[in-house]
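Protein chains in written order, with the working numbering: chain A, 37 to 141; chain B, -13 to 374.
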């Protein structure tokens, strides 16, 4: 029974496809085993860090940027809205730069 | 693998997979009378909405295009347009435009011309009865995937959407494109963060430029509101399902587009002129997107969901596909196909995709979807201007 999926080798998060409990050990191809640190565990469909992710580092899933760490995240921690900010559609912090960046692409 | 499909060949060369008579109120004031007709006359469908008056400019045009597109959809055999009489969106203009572009039966009934609700209802019901009887004489014939415009959509997504159901729909989208049919990718909001991947696949620079234009316009709407788009999208249910940011949701949503070349980018409710993969500029709102795609000519819609949803269209069968097996069980009233098997390792994306191809063929040929059985006749127009 698979416990998680990692979409691309460069991803720094995995998606749980079964509920993982605190202290569960998860084997990650090409990385050290990860021990689930989050006390409430990781629900089906939710993400956990497979490496340490420092504040300000991009969160990578599907080999693409899905957001940025809003604080330091340990390997094995739940990765979700409490520790990740979106980078797009941010009308609350927008200074017009995001739109310009798109145009340049 | 060869699949057998049947449908109704229309005289304008299009093919319907349903044979509805649409009672189309072009103004909110006529929606109740239109619903009265559907209660009296079997074989008719209608919609409830709050639009059609005090609209101007591009917003007027988009609503007009949506009404006309609903009437033009090949699943519609004939149309009874219902108006009030004094409104901005004149029923006459909508009826004339449908009549100009097809030779299907189109009639107009205005409430003020018929001395009120009761006589207008009776007149529309009389006309509808005749059209329904004519429609019932049409027989199904063999059709092909190349006759289809298939809309694709995800709603109530979870973190599995991008792993199971959306890639399976992407496989189908590629198969439809290879077969000479059309597959519509939509929900521009939920492609923010994935636009570069689609622009790379654009047929030419013009289409690639349009990709960035519609994304920029959509993101600018969030900027103009002065809030984080995450306050509304991903929704609370998306977040509970494990989706953290709009970008994450978008990358999963883009999987519905498979790997085909992006041939065209059309406006909301505009009929594609190209075959293959086409992007329609719509919001992420499930019903507004669904309405745009069906008004753009989609005869059938594939709708993936991780949370489960009753969504359906008055004129097009919507096949609802669950991303995970547990929701397929708990929300089985509303779901048609399960692809949670992909996550469980029981089926590959290709195997689930072929199962979906078979379901499309069966549903096209007459099998009713859960949403059709529940008469889930959702309709919502993407308004792009204020009401005056």
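For every residue, glycine included, the Cβ atom is placed at its ideal position computed from N, Cα and C.
Check                                                                                                                          : Outcome
Cα-Cα separation, residue 2/B to residue -8/B                                                                                  : 9 Å
Euclidean distance between Cα positions of residue 45/A and residue 203/B                                                      : 33 Å
Inter-residue spacing [alpha-carbon to alpha-carbon] between residue 17/B and residue 263/B                                    : 35 Å
Residue 202/B - DSSP class collapsed to helix/strand/coil                                                                      : helix
Unbroken beta strand (DSSP E) run spanning residue 288/B, endpoints                                                            : 286 to 291
DSSP-derived helix/strand/coil call for residue 248/B                                                                          : strand
Residue 343/B versus residue 58/B: straight-line alpha-carbon distance, rounded                                                : 25 Å
Neighbourhood of residue 138/B by C-beta distance below 7 Å, restricted to the same chain and skipping five residues each side : 155, 159, 169, 170, 171, 242 and 288
CA nearest to the CA of residue 81/A, picked from 185/B, 236/B and 148/B                                                       : 148/B
Straight-line gap, residue 63/A to residue 275/B (C-alpha atoms, nearest Å)                                                    : 41 Å
Residue 276/B (DSSP reduced to helix, strand or coil)                                                                          : helix
Uninterrupted beta strand (DSSP E) stretches inside the stretch 283 to 365 of chain B (no shorter than 3 residues)             : 286 to 291 and 304 to 308
Three-state secondary structure assigned by DSSP to residue 94/A                                                               : strand
DSSP-derived helix/strand/coil call for residue 39/B                                                                           : coil
First through last residue of the alpha helix (DSSP H) which encompasses residue 6/B                                           : From DSSP, residue 6/B is part of no alpha helix (DSSP H) but of the beta strand (DSSP E) over 6 to 11.
Under 8 Å between C-beta atoms of residue 88/B and residue 19/B                                                                : no
For residue 95/B, the residue or residues it bridges with in DSSP                                                              : 68/B
For residue 100/B and residue 365/B, believed in contact at Cβ under 8 Å, the rounded distance                                 : Residue 365/B to residue 100/B, Cβ: 24 Å. No contact.
Residues within the stretch 223 to 252 of chain B neighbouring chain E, beta-carbon criterion of under 7 Å                     : Chain labels in this structure do not include chain E; the protein chains are A and B.
7 Å Cβ shell around residue 61/B - same chain, five flanking residues per side excluded                                        : 2, 3, 4, 6, 285, 301 and 302
Within 8 Å, strictly: CB atoms of residue 309/B and residue 174/B                                                              : no
Candidates 271/B, 259/B, 273/B and 250/B: closest to residue 265/B by CA position                                              : 250/B
Contacts that residue 146/B makes with chain A (C-beta to C-beta distance below 7 Å)                                           : 81
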